Amino acid sequence: MTTITEHEPDASSDPAPDTASRARRTPPYAQLAQRFSLIGLWVVMGAVFFVLADVPLSNFLQGIFARQTPLVFLGMAVVATMAVGEFDLSFPSVYALSGSTVASLVVLHGWSFPLAALAAIVLAVLFGAVNAVLVVRAGINSVIVTLGVGSVALGLGSWISEETSVSGLDFTLSNIALARVAGLPMIFWYGVVLVVVAAYVMSATPLGRHMLFVGANRDVARLAGIPVTRVRVGAWLTSSLLCGVAGVVTAAGLGGFNATSAREYFLPAFASVFLGTVAVVPGRFNPLGMFIAVYFLITGVFGLQLLGYQGWVTDVFYGGVLVAAVAASAYVQRRLRS
1 MTTITEHEPD
11 ASSDPAPDTA
21 SRARRTPPYA
31 QLAQRFSLIG
41 LWVVMGAVFF
51 VLADVPLSNF
61 LQGIFARQTP
71 LVFLGMAVVA
81 TMAVGEFDLS
91 FPSVYALSGS
101 TVASLVVLHG
111 WSFPLAALAA
121 IVLAVLFGAV
131 NAVLVVRAGI
141 NSVIVTLGVG
151 SVALGLGSWI
161 SEETSVSGLD
171 FTLSNIALAR
181 VAGLPMIFWY
191 GVVLVVVAAY
201 VMSATPLGRH
211 MLFVGANRDV
221 ARLAGIPVTR
231 VRVGAWLTSS
241 LLCGVAGVVT
251 AAGLGGFNAT
261 SAREYFLPAF
271 ASVFLGTVAV
281 VPGRFNPLGM
291 FIAVYFLITG
301 VFGLQLLGYQ
311 GWVTDVFYGG
321 VLVAAVAASA
331 YVQRRLRS
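Heads up: the sequence shown begins at 1 in the UniProt record's numbering, then just goes up one per residue.
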């Protein structure tokens with residue numbers, strides 16, 4: 001007698017809503033509007049700010065796309081865990097630990113950059129492994145675990161850097177992040193490659209389907225023969241790896257690192273991830289939606305700054321967008337289930 005564990009789950013066993021039948025009921029134009037409305041809103045918002053700010057178009061676009069920001073890496077780290085039903089609050093601290101470690105080992109202790117970079121990434125992955133053991137193996141709530149682990153990582157980063165902003169990395173290392181290709185810095189293109197690869201994995205491979213199943217219903221996924229534990233552990237390790245790489249690349253581009261600066265990415269990363277669930281693949285945490293949302297947020301903040309709003313506007317904008325994104329995500333989820 002054949003059991004379900006002998007086959008990869010098919011569409012009939014998907015615990016997620018029946019997207020095929022829903023697509024047949026929804027007119028094509030409505031599907032396109034739902035998938036790409038965020039892009040339209042982004043273009044309109046950018047056009048309004050461009051007109052009001054009255055700056056050259058090249059300067060406006062450079063201000064949006066040429067920023068050295070690790071936000072795509074950190075957003076992808078959050079997507080990796082959220083897609084399998086986990087909630088990680090430690091990612092900015094692991095990012096801070098990685099950046100502080102590579103800068104401190106090179107500047108304060110005389111390590112070579114490649115060796116320091118490797119050590120920083122390994123240390124970040126070790127913290128991801130700690131999260132995985134405590135959450136997946138020990139069954140402790142992920143919010144509690146990552147709050148504690150994040151605090152430890154941030155404290156360790158401050159200790160390694162001697163509670164100072166470490167600078168003095170070789171200027172030539174900045175080419176790792178800032179060398180221009182087609183007028184845009186390498187860190188932008190790293191983000192593009194990362195998002196394209198992640199989007200392919202999550203949408204067109206068995207691993208991606210397994211992540212979807214685990215995120216939708218772990219018990220059903222386990223009954224379907226999916227290695228739930230391995231998928232969850234892999235998500236935690238992937239998240240920490242991305243945070244580690246982001247820290248190394250950022251430190252190289254800036255010529256140093258300040259551990260406390262990592263906190264500013266907490267709200268925008270979550271805002272971009274939740275806002276991304278209303279785009280491209282509505283109702284799911286998806287890399288392409290997150291990527292669009294990242295630059296939607298950057299455009300909004302940059303436009304407001306051009307109009308003379310400084311300091312407080314960033315927190316207000318990111319916080320407002322996060323609340324709106326969570327509400328919109330919940331609304332889309334209800335519509336997909338109905």
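Here a beta-carbon is modelled for each residue, glycine too, at the ideal position from N, C-alpha and C. Because the structure is a prediction, the values reported are computed rather than measured.
Separation of residue j from residue i, as counted between CA atoms
{"i": "Val107", "j": "Leu134", "result": "34 Å"}
{"i": "Asp315", "j": "Ala328", "result": "20 Å"}
{"i": "Val136", "j": "His210", "result": "16 Å"}
{"i": "Gly256", "j": "Leu173", "result": "10 Å"}
{"i": "Asp10", "j": "Arg35", "result": "Because Asp10 carries a pLDDT of 44, less than 50, the predicted location of this residue cannot be relied on, and the following value inherits that uncertainty. For Asp10 and Arg35, the distance between alpha carbons rounds to 24 Å."}
{"i": "Met76", "j": "Gly234", "result": "14 Å"}
{"i": "Ala262", "j": "Val197", "result": "25 Å"}
{"i": "Ser158", "j": "Ile187", "result": "25 Å"}
{"i": "residue 353", "j": "Thr146", "result": "There is simply no residue 353 to check, as the chain begins at 1 and stops at 338 in what is shown."}
{"i": "Gly253", "j": "Tyr190", "result": "13 Å"}
{"i": "Leu154", "j": "Met82", "result": "22 Å"}
{"i": "Leu52", "j": "Leu115", "result": "48 Å"}
{"i": "Leu169", "j": "Leu194", "result": "26 Å"}
{"i": "Val326", "j": "Pro227", "result": "29 Å"}
{"i": "Gly99", "j": "Ser90", "result": "14 Å"}
{"i": "residue 340", "j": "Ala96", "result": "Not covered by the structure: residue 340. The range shown for the chain is 1 to 338."}
{"i": "Leu267", "j": "Leu306", "result": "21 Å"}
{"i": "Arg230", "j": "Thr238", "result": "12 Å"}
{"i": "Gly110", "j": "Leu156", "result": "19 Å"}
{"i": "Val149", "j": "Pro92", "result": "11 Å"}
{"i": "Tyr309", "j": "Leu184", "result": "26 Å"}
{"i": "Phe50", "j": "Ser37", "result": "20 Å"}
{"i": "Gly311", "j": "Phe302", "result": "12 Å"}
{"i": "Val294", "j": "Gly225", "result": "35 Å"}
{"i": "Ala251", "j": "Arg335", "result": "43 Å"}
{"i": "Leu41", "j": "Thr299", "result": "11 Å"}
{"i": "Ala182", "j": "Ile39", "result": "22 Å"}
{"i": "Ser21", "j": "Pro56", "result": "Note that Ser21 scores a pLDDT of 48, beneath 50, so its modelled location is shaky; the value from the coordinates is reported in the next line. For Ser21 and Pro56, the distance between alpha carbons rounds to 47 Å."}
{"i": "Asn286", "j": "Gly63", "result": "25 Å"}
For residue i, three-class secondary structure by DSSP
{"i": "Phe87", "result": "coil"}
{"i": "Val181", "result": "strand"}
{"i": "Val136", "result": "helix"}
{"i": "Val166", "result": "strand"}
{"i": "Gly256", "result": "strand"}
{"i": "Ala117", "result": "helix"}
{"i": "Leu108", "result": "coil"}
{"i": "Ile39", "result": "helix"}
{"i": "Ile226", "result": "coil"}
{"i": "Asp10", "result": "Residue confidence for Asp10 is low, a pLDDT of 44 falling below 50, so the modelled location carries little weight; the figure read from the coordinates is stated next. In this structure, Asp10 counts as coil in the three-state DSSP scheme."}
Residue span of the alpha helix (DSSP H) that contains residue i, given as start and end
{"i": "Val196", "result": "186 to 204"}
{"i": "Ala80", "result": "71 to 82"}
{"i": "Asn59", "result": "57 to 65"}
{"i": "Gly150", "result": "142 to 160"}
{"i": "Leu223", "result": "218 to 223"}
Inter-residue CB distance, residue i and residue j (contact presumed, cutoff 8 Å)
{"i": "Ala129", "j": "Val248", "result": "Not confirmed; about 18 Å, so no contact."}
{"i": "Ala271", "j": "Leu322", "result": "4 Å"}
{"i": "Ser142", "j": "Asp219", "result": "So it is not a contact: roughly 17 Å between Cβ atoms."}
{"i": "Phe291", "j": "Val44", "result": "Their Cβ separation, rounded to whole angstroms, is 19 Å, which puts Phe291 and Val44 out of contact at 8 Å."}
{"i": "Ser104", "j": "Ser161", "result": "5 Å"}
{"i": "residue 405", "j": "Thr101", "result": "Shown here, the chain extends from 1 to 338; a query on residue 405 therefore has no answer."}
{"i": "Val214", "j": "Ala204", "result": "Val214 to Ala204, Cβ: 17 Å. No contact."}
{"i": "residue 354", "j": "Leu288", "result": "As shown, the chain starts at 1 and ends at 338. That puts residue 354 outside it, with no answer to give."}
{"i": "Val94", "j": "Ser240", "result": "5 Å"}
{"i": "Ala179", "j": "Pro70", "result": "Actually they are not in contact, since the Cβ atoms of Ala179 and Pro70 sit about 16 Å apart, beyond 8 Å."}
{"i": "Arg232", "j": "Val84", "result": "5 Å"}
{"i": "Tyr318", "j": "Leu297", "result": "7 Å"}
Contact with chain B by residue i, beta-carbon distance below 9 Å
{"i": "Gly148", "result": "No chain B is part of this structure, which consists of one protein chain only."}
heavy atom of the ligand ZN below 8 Å from residue i C-beta
{"i": "Ala153", "result": "What this structure holds is no ligand at all, so the ligand ZN is not there to describe."}
For the segment 261 to 332, which segments carrying the alpha helix (DSSP H) assignment without a break, of at least 4 residues, lie completely within its bounds, in sequence order? 266 to 275, 287 to 306
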